[in-house]
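This report refers to the structure that appears directly beneath it.
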Amino acid sequence: MAYSDGLKMEKLKLYSYWRSSCGHRVRLALTLKGIEYEYIAVNLLKGDQFNPDFQKINPMGTVPVLVDGDVVISDSFAIIMYLDEKYPEPPLLPHDLHKRVLNYQATSIISSGIQPLQNLAVIRYIEEKTNAEEKIAWVNNAIRKGYTALEKLLVNCAGKYATGDEIYLADLFLATQIHAAVIKFQIDVEPYPTLAKCYESYKNLHVFEDALPAKQLDAPAPSN
Ligand SMILES: N[C@@H](CCC(=O)N[C@@H](CS)C(=O)NCC(=O)O)C(=O)O
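Under UniProt numbering, the first residue of the sequence shown is numbered 1, with each subsequent residue one higher.
Spelled out as structure tokens, the structure:
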């Protein structure tokens, strides 16, 4: 199917890649809200993000992209906010202003302060200009710095989840960030007790289980 077909059709479509943590955030939001959608795989390793048809819907050449009729949204935060307004239950932002701001801040640390620094294009560039060790050191530094900030931000407000005992926006970003760091970069969350406690809670949730990268249609079959 051509990427641009999504613009003409009414069904909710998610362009994503199984391993994308940004796509994973959106899948979690869709799953939590019980929204059905069509998953369209964009293979980032094979360079599908540079396909001119895909770039018509997202000139940034990144996933995820959500297409809802004529509405095309190409950023996970914008997509999740759109879904939260269109499908308000369960809400992804708490009523309490302080908690809401903590959600914005945690989300921003991950989406601006961690993920862009460990994104495929960036780490490929670093490896190309230096070497594999430098790339790993760079990723480690970005993630550990972000986790240190998140631990300090959340230590006094976390319950089972990031800002209490309900799942909110920050959890979608935190769960997927931690999962990606463990799987892709073998960076453990154990040194950050609040984050580690939240991660344990996420792992017990069915919604988390269903949205896991390894369970997506484009994920490779598990090797024995
Ligand atoms: N701010 C964007 C970032 C999107 C992004 O960086 N996506 C990554 C995957 S998690 C990507 O598509 N990378 C492709 C590349 O680096 O070529 C969002 O939150 O959706």
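Beta carbons: idealized from backbone N, C-alpha and C, even for Gly.
Within the chosen limit of 7 Å, ligand 1 reaches the beta carbon of F77 through at least one heavy atom. The beta carbons of L120 and A142 sit no closer together than 8 Å. The beta carbon of G146 sits closer than 7 Å to those of I109, I110, G113, I114, all from its chain and outside the five residues before and after it, given in chain order. With contacts defined as CB atoms closer than 8 Å, A180 and S16 fail to qualify as a contacting pair. V65: not part of any alpha helix (DSSP H); member of the beta strand (DSSP E) spanning 65-68, first to last residue. With a contact defined as Cβ atoms closer than 8 Å, L174 and C157 miss out at about 13 Å. Distances between the C-beta of S201 and the heavy atoms of ligand 1 are all 7 Å or more.
Contact annotation: the segment 31-45 touches the segment 80-93, with at least three C-beta pairs closer than 8 Å. According to DSSP, K13 shares a beta bridge with E38, V67. Straight through space, the alpha carbons of E166 and R19 are spaced by roughly 26 Å.
Judged by DSSP secondary structure, Q118 falls within the alpha helix (DSSP H) whose first and last residues are 115-118.
Under DSSP, V72 shares a beta bridge with V67.
In its chain, beyond the 5 residues on either side, H24, R27, L28, T31 have a beta carbon closer than 7 Å to the beta carbon of A211. At a Cβ-Cβ threshold of 8 Å, P88 and S76 do not count as neighbours.
Counting of Cβ neighbours within 10 angstroms places A78 among the exposed residues, the total staying below 16. Annotation for P64 indicates a beta carbon within 7 Å of some heavy atom of ligand 1. Residue environment for L97: exposed (fewer than 16 other C-beta atoms within 10 angstroms of its C-beta). The alpha-carbon separation between Y37 and D218 amounts to approximately 15 Å.
Beta-bridge annotation (DSSP): G164 is paired with Y161. Residue state for R27 is assigned as helix, using DSSP reduced to three classes.
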